Each structure stands twice: as C-alpha cells, then as structure tokens.
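First up is the structure itself, then whatever we jot down about it.
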Amino acid sequence: MDEALERILEQLEKDLPGIVLEEASKVENPRISGIYVYAKNYDYLKYHLAKKLAQALIQIPCIREVYYADIASGEYITGQTYFGRDIDLIIIADQQDCPQLKEYLTILEQKINQIVARTATKLPELGWLKTLAETNGIVEFHLDDVYTKMLQDKKTQHRISDLNVIQLANK
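The sequence shown begins at 1 in the UniProt record's numbering and counts up one residue at a time.
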C-alpha cells in the first residue's frame, strides 16, 4: 500500500497544479464568509479537483467507490450563490484489507492542501484559495462517518438519487 500512496502523491503533484490554475482562474468575485465561499464558478473548480482526486484514490486497493458530495452547496441567500468550502469525497472501502487507510487519507488531505496552497501563490488573484487551503482545507475525505453510512443506507434502498452525490470512481 505504501507504493500505491507514493504513486498517488507523485500523480497529484503533477496533475493538480494545472487543474487549480485553469479552473480557479474562472472563479469570479470570490469571498469567504464563515463556512461558505461566495463566488461564481467555484463549483467547477471543486468538481474538477474531485474528479482527479477520485481517479487517484481508486488506485488504493481497498477503496471500492468514491463519491463527490457538495455538502452545504448550491443554495441562494439574498441572491448570492454559496458553496461549502471544501470538496467532500465519500469513500466506500474494505478497511480490513487496509488497516492504515485512515492514516493514508490524512496524509493525502494534508498533501493536497499543500499543493493547492503552493499553486495558488502563482497568481495574486488566488490569494483567497491559498488562505482556504491553509486554514480550513480544500478537501475532506469521509470514511466511516454519518455521510458514508447515509450513502450506504440509500444504496441498499436503491434510493441514492435522494442524496446530492455523484459517483466518480468505482471498481
């Protein structure tokens, strides 16, 4: 599993900066307030990063499925669109096969935030993204929490459409 983690980290180092620079440059009028980001097109940045992260995560042998969940997003408050700050990825895995999975996901979260923050320093107008990556973090993996359990329950009931999730990767 350590080899898989190393490959994933190398891949993310190579791929994430391009996605960050391309998609973050399309975000209009970003403003962070509380736990929300008010901006036009921030959802595109989050989705493109989520897709790349899911492609990387599915390489870990015990991970079976990766879902993108934009928790606390897409609402309208006084005419402004707001989004949750981070990318929420729900991970379905056979944890008995990888007892160190939680530790690896923590390492990946930290590394992803470092890559995003470092990349954001390349353009002055991305200072907001650097701040976000360094404080709250840009990504959150959900494994064995209420979101994972809710998704598994809905899958069992064949009612996954009740949730605001998109399956990005599976084996």
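Positions of the beta carbon are idealized from the N, C-alpha and C atoms, including for glycine. As the structure is a computational prediction, the values presented were derived from the model and not from experiment.
Spell out a yes or no on whether the region 103-110 and the region 147-154 are touching, meaning 3 or more CB-CB pairs, one atom from each, closer than 8 Å.
no
Near W128, which residues of its chain fall below 7 Å by C-beta distance, leaving aside the five closest residues on each side in sequence?
Counted from its first residue, the sequence shown places residue 128 at position 128. Here the set comprises P30 and I32.
Residues in its own chain within less than 7 Å of A93 by CB, not counting five upstream and five downstream?
Taking the first residue of the sequence shown as position 1, residue 93 is located at position 93. Counting only Cβ-Cβ distances below 7 Å, and skipping sequence neighbours, we find C62, I63, R64, L101 and L143.
Rounded to whole angstroms, what is the Cα-Cα separation between K130 and T119?
Walking along the sequence shown from the start, residue 130 turns up at place 130. Walking along the sequence shown from the start, residue 119 turns up at place 119. So the alpha carbons of these two residues sit roughly 8 Å apart.
N- and C-terminal bounds of the alpha helix (DSSP H) containing N113:
Looking up residue 113 in the sequence shown gives position 113. Per DSSP, N113 belongs to the alpha helix (DSSP H) from L101 to A120.
Exposed or buried, which one is R85 when buried takes at least 16 other CB atoms within 10 Å?
To locate residue 85, count along the sequence shown from 1; it is residue 85. It is buried - the Cβ of R85 has at least 16 other Cβ atoms within 10 Å.
Alpha carbon to alpha carbon, what distance is there between L12 and Q97?
Stepping through the sequence shown from its first residue, residue 97 is reached at position 97. Stepping through the sequence shown from its first residue, residue 12 is reached at position 12. Rather than Gln, the amino acid found at residue 97 in this sequence is Asp. When rounded, the distance between both Cα atoms is 24 Å.
Hey, could you find the ends of the alpha helix (DSSP H) E22 is sitting in?
Mapped onto the sequence shown, residue 22 falls at position 22. First-last of the alpha helix (DSSP H) with E22: D2 to A24.
Out of A4, V20 and I90, which one is the CA nearest neighbour of A56?
Residue mapping note: residue 56 aligns to position 56 of the sequence shown, counting from 1. Selected option, being the one with the closest Cα: A4.
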